[in-house]
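As structure tokens, the structure follows; a few thoughts come after it.
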Amino acid sequence: MLTLYDCQSAPSPRRTRILLAEKDIDYKCIQVDLRTGEQLGDAFKAINPRCAVPALVTENGDVISENIAIASYIEDIHPEKPMMGQTALEKALILEWNWRCEFEGLSAIAEILRNTSPHMKNRAMTGKRNIAQLPELAERGRERLGYFFEDLNQQLSENEFVAGNHYSLADITALVCVDFSKWVKASPNDSLVALHKWHKKASQRPASSA
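Using my numbering, the first residue of the sequence shown is number 311, and each one after it goes up by one.
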């Protein structure tokens, strides 16, 4: 059985949980308490030296610790109910929009949160190394995120789902991004009608509560 090292409150491992739920895959879940710094301890370092979740341990004991790599592995071993496309173009578009949701959306939110939260002093980046906060990056993050939500709204005004006509990995990443934006009080404004319509529909999927 697969084993997922998780933190229930964190956005990044939630993406993996939703993917596994969409594919109806059973797995063992082990919680890592990020609030107390458990991810920095020797026990978890032995699992993932990068000191970050998610970390997926395969049935053979190998560890995969990046969402896109986990998704690729899961898609290969459980191809039913494809979440990363079937045609060459579908696969390309899903990867394109998944990357945009990560880089333009999630990373912008992380810039805001990690450079302003008192609880993340000297923890401006994930990982084993301490990195100082730069408050200026928080302002840039808010600007980046606003532009991303505008672009995502435009995409969803022309497509049923983020990367086209089918719910995919890109929708999972976008859903987590929109929900994560509440942490920094930067949710999409009400004028982005297509984005809010899609978010309501995506949030109603049973897997979204994983």
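Using N, Cα and C, we set each Cβ at its ideal position, and we do this for glycine too.
Annotation for VAL486: PRO321, ARG324, ARG325 place their beta carbon closer than 6 Å to its own, counting only its chain and skipping 5 residues before and after. Under the three-state reduction of DSSP, THR313 is assigned to strand. A direct Cα-to-Cα measurement between ALA512 and SER518 gives close to 7 Å. For CYS339, the enclosing beta strand (DSSP E) starts and ends at 337-341.
Spanning the alpha carbons of GLN349 and SER319 requires a straight line of approximately 14 Å. The criterion of a C-beta distance shorter than 8 Å is satisfied by LEU455 and GLY415. In the three-state reduction of the DSSP assignment, GLY451 falls in the helix class, which pools H, G and I.
Per DSSP, the continuous beta strand (DSSP E) segment holding VAL367 begins and ends at 365-367.
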